[in-house]
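What follows is a set of notes on a single structure, which appears directly below.
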Amino acid sequence: MRYVSGTETHTGYTEQGIIKHFEDFGATFHDELKLTQYGRKIWYVHQWAGAGNGQNEGNGLSNAIKALYFNSLKEKREMPDLVISSHYHKAIMASYSQDWQTHYAMITPSFQMKTRFGQKVSAFQRNDIGVGLAEVSTNGLIKIHRPLLME
720 MRYVSGTETH TGYTEQGIIK HFEDFGATFH DELKLTQYGR KIWYVHQWAG
770 AGNGQNEGNG LSNAIKALYF NSLKEKREMP DLVISSHYHK AIMASYSQDW
820 QTHYAMITPS FQMKTRFGQK VSAFQRNDIG VGLAEVSTNG LIKIHRPLLM
870 E
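Just so you know, we're using my numbering here: the sequence shown kicks off at 720 and counts up by one.
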């Protein structure tokens, strides 16, 4: 089990306490988690790019995966095949293709309704509640499924 930390102002240090209950099962706690599954690099982080809003929805995530690609080239660092983040809770995915490779990014939906704080910082914006799922097949094919959302 691997656990990616959430927003500190919401969770405080409770996450570190929770993970201690699962250490006997090999559980680990991460601010950034980088894994490889069937040869594909998958990076997880709680807060990364936003989804955008209105006529710009999708632009934030699209620009972020494209910027990560060019920064990785410029800095001679590895580039993930898939970045999964949460925080903004508008379920969305984006991709960027270059040099015969496609890199993906997704924002997962939330597990809860907006808090009072969430209402203040994202008034009149939707809050998707549900589950996002991406899978990597044994041949390395990445499939991002349509999120399962509560209506």
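The beta carbon of each residue, even a glycine, is placed where N, CA and C say it ideally should be.
Excluding sequence positions up to five away, which residues of its chain have a Cβ less than 6 Å from the Cβ of residue i?
i, result
"G771", "G777, N778, G779"
"T821", "S814"
"K833", "N846"
I'd like the span of the alpha helix (DSSP H) that includes residue i, first residue to last.
i, result
"Y737", "Strictly speaking, residue 737 in this sequence is Ile, with Tyr absent from that position. From DSSP, the alpha helix (DSSP H) with I737 extends over 733 to 739."
"L860", "Looking at the DSSP string, L860 is not in any alpha helix (DSSP H), and its letter there is neither H nor E."
"Y788", "778 to 793"
DSSP puts residue i in a beta bridge; with which residues?
i, result
"S829", "I848"
"V840", "According to DSSP, V840 bridges with nothing at all."
"W762", "K753, V802"
Give every residue of the same chain whose Cβ lies closer than 8 Å to the Cβ of residue i, excluding the five residues on either side of it in the sequence, and list them in chain order.
i, result
"G859", "Y757, G758, R759"
"N782", "A768"
"Q735", "F748"
"S816", "H822"
Count the other CB atoms within 10 Å of the CB of residue i; is the residue buried (16 or more) or exposed (fewer)?
i, result
"L787", "buried"
"G851", "buried"
"D800", "buried"
"V840", "exposed"
"H740", "exposed"
"W762", "buried"
Hey, quick one: how far does the beta strand (DSSP E) through residue i stretch, first residue to last?
i, result
"F748", "747 to 749"
"M812", "811 to 817"
"A853", "853 to 855"
Ordered along the chain, which non-local residues of its own chain (more than five positions away) have a Cβ less than 7 Å from that of residue i?
i, result
"S829", "H808, N846, D847, I848"
"T827", "I803, S805, A810, G851"
"I863", "M812, Y823, M825, A853"
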